[in-house]
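Take the sequence shown: its letters are residues -5 to 477, numbered as in our numbering. In this text, a Cβ means the ideal position worked out from N, Cα and C, and glycines have one as well. Single-structure report; data block below.
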Amino acid sequence: LHFSEGYYDIEFDRLFVLRLLQLMNKNRHLFHLELHGLDELLDEALYILDPFLKCNDKLFSFDGSSNRIRTTEMNILMFALTRRRWPLRTLQLDHCGIDLEVLIEMIKLLNEKPKMTPRNISLAFNDIGDKGCYCIAEMLIDPKIHLEELKLTSNSIGKQGLQFIAAALSARSSALERLDIGSNSMTDEDLAAFMGILSTTPALIPNKLSFEHNRIGVYGVRVLGIVLASRDTPLEMLHLGRSNFGFDGLRAFLEVFSPKPNVMPKILNLSNNNADVEWYIALSELMQNEHCSLEGLHINDLQLDDDLVSHIVTSLKNNERLTNLDIAIKNTSDSVWDQISQLLCDKTSIAATYASNHTLLKFGESENEPFEVETYLTMNEHPSKLSVARIKVINSHFAYNFRLEPFRGMKPALLAGVLEFCEKAYTDHDEFREDTYDYEYPEPYFGGPRYNNLTINYLMVKNFLSTFDYIRPRNRKRQWSDV
């Protein structure tokens, strides 16, 4: 339920709002509630919703953002949430003008019943400050509070506040899942001090870190990289967007991971840093390492063109990790799309098709993405990459009335392995076993209800393979690479 006064440019009557909320008390199926922009009505609304917040066990997310929350409203809200049978999953109070006094009231009530503390708390765009971070640090240290995600974006947090939080994180028994401290005017010294404290316990660094929109320089990102490289496992996500550390900062960051590419953050966001092709070239050198753990790369400053696409093809040709490459795509020429299509499915030979990229799932944001590229990206979503390769091989070299040329001249033992490889493409996928056929589509489809033309080809394959049972070896399986 999205309920916000003025959300649809309508000025709701006070009695109407309160009556609607009163009716909600009878609802026991609501699992997400948003109350935005109620302002002066917020205290009355929370009084009315008190039974609902206490008794609705299905409610797991409450969003009270864009309200002016004072001590009274915070007291009412926390009293209701701490009297529930089960804690909320998410509590979001962004843009609520929460200051130190209100924060102290919130944490005091949570400390009375620590098990009722929400798992994810978002306090972005408030005025917590360094003293507020000291209160949050006490909450983080409490072993009875099982906090998983904390968002403190834009809260006027300085060096002292960051040190409080870092000390609390290093004293926990388990790592936070996510910490967001972006837009706090963080400098090199602030980040170095923060990571210096966490360097004593690198395993307790949050799995997802966001430092976006800060004033981080070369020294800061280098210290960050050194501490992260000391971990045994990579971070799930690192957000360094809009930090303006430049190409020298990127190079200093990547140099740290060159000896240990297996601990590179899985998702790296470098958007809005005035990046150019040199950035991708530096990243591609690390991405070509088979041990590199990078799975998602976001650089929306880069524009896909003839100069960039060649480096993309080189870096992703043998990459089996990267699933998401987010770059800018505007007015891209057909020749560039042809190279991307060939990267995903090289039709020059069966071996080249098999060796194509079967991992990439998302490639930028474009409304003019060719259907062929979209089809190959959809194919790659299948969890078995061997099956994806098999489908592309048969679709590219054996489709259209099932050509027999590739089988000619093969020795019986080799032919048996090839036939077994082809037959697996049919038996592995239930979606190919459709009873209705449609001849409208000139190109084979992969995804949704449009498997029909491809299905016909696979039925032809199945009928053809049935004639070769006498030469298929028993109890022997071959991979296409062996063949």
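Reduced DSSP category for residue i - H, G, I as helix; E, B as strand; rest coil
i	result
Leu71	helix
Ala322	strand
Leu371	helix
His233	strand
Leu244	helix
Pro438	Low per-residue confidence applies at Pro438: pLDDT is 38, beneath 50, and the placement is therefore not dependable enough to give any value.
Leu316	coil
Leu408	helix
Gln282	coil
Ile210	coil
Ser329	helix
Ile92	coil
Asn114	strand
Glu106	helix
Tyr431	Reliability fails at Tyr431, whose pLDDT of 31 lies under 50, so the model's placement of it is uncertain and the value that follows must be treated cautiously. Coil, per DSSP.
Glu99	helix
Ser390	helix
Ser193	coil
Cys127	helix
His352	coil
Glu363	coil
Arg225	coil
Arg62	coil
Sheet register partners of residue i (DSSP bridge)
i	result
Ile261	Gly290
Asp57	Glu28, Gln86
Arg172	Glu143, Lys202
Gln297	Ala322
Phe357	Leu319
Nearest neighbour of residue i, chosen from the options [CA to CA]
i	options	result
His352	Glu359, Ser265, Val307	Val307
Glu314	Leu43, Leu97, Glu289	Glu289
Gln333	Val303, Asn318, Asp320	Val303
Asp88	Cys129, Leu29, Trp80	Leu29
Ser327	Asp301, His376, Lys405	Asp301
Arg64	Arg225, Asn50, Val96	Val96
Asp51	Thr76, Leu32, Thr372	Thr76
Arg340	Glu366, Gly31, Gln16	The identity of residue 340 in the sequence shown is Asp, whereas the question assumes Arg. If we check each option's Cα against that of Asp340, Glu366 comes out closest.
Ala169	Ile130, Ile135, Ser177	Ile135
Tyr213	Asp226, Ser204, Ala186, His23	Ala186
Leu156	Met180, Arg172, Asn21	Met180
Phe241	Arg225, Met231, Arg216	Arg216
Leu104	Tyr128, Met68, Asn120, Thr195	Met68
Thr347	Pro364, Leu319, Leu380, Ile323	Leu380
Phe119	Lys102, Met110, Lys145, Tyr128	Lys145
Glu368	Pro377, Arg209, Leu355	Leu355
Ala161	Met189, Asn149, Asn178	Met189
Ser150	Ile115, Thr195, Ile92	Ile92
Ile175	Arg225, Leu117, Ala197, Asp226	Leu117
Leu218	Asp226, Arg209, Phe247, Tyr370	Phe247
Asn61	Glu171, Asp33, Tyr41	Asp33
Arg209	Ala197, Met231, Pro196, Asn178	Asn178
Rounded Cβ spacing between residue i and residue j (contact assumed at less than 8 Å)
i	j	result
Leu229	Lys260	7 Å
Ala276	Leu244	6 Å
Ser265	His292	5 Å
Leu94	Gly126	5 Å
Arg236	Glu206	5 Å
Ser55	Leu82	7 Å
Leu85	Pro112	4 Å
Leu35	Arg79	28 Å between Cβ atoms; not a contact.
His540	Val382	Since the displayed the chain opens at -5 and closes at 477, residue 540 lies outside it and no answer follows.
Inter-residue spacing [alpha-carbon to alpha-carbon] between residue i and residue j
i	j	result
Asp270	His233	18 Å
Ile220	Met133	28 Å
Asp182	Ser193	16 Å
Ile122	His140	21 Å
Asn201	Glu143	10 Å
Val11	Lys48	20 Å
Met72	Ile191	32 Å
Asp184	Lys386	51 Å
Ile321	Leu203	21 Å
Ala74	Pro108	14 Å
Leu14	Asn374	47 Å
Glu106	Lys138	11 Å
Thr66	Asp37	7 Å
Leu163	Ile130	11 Å
Asp299	Asn325	9 Å
Arg166	Leu27	31 Å
Pro255	Ile199	18 Å
Leu262	Asp124	28 Å
Leu53	Gly31	21 Å
Thr227	Val257	6 Å
Lys20	Glu99	29 Å
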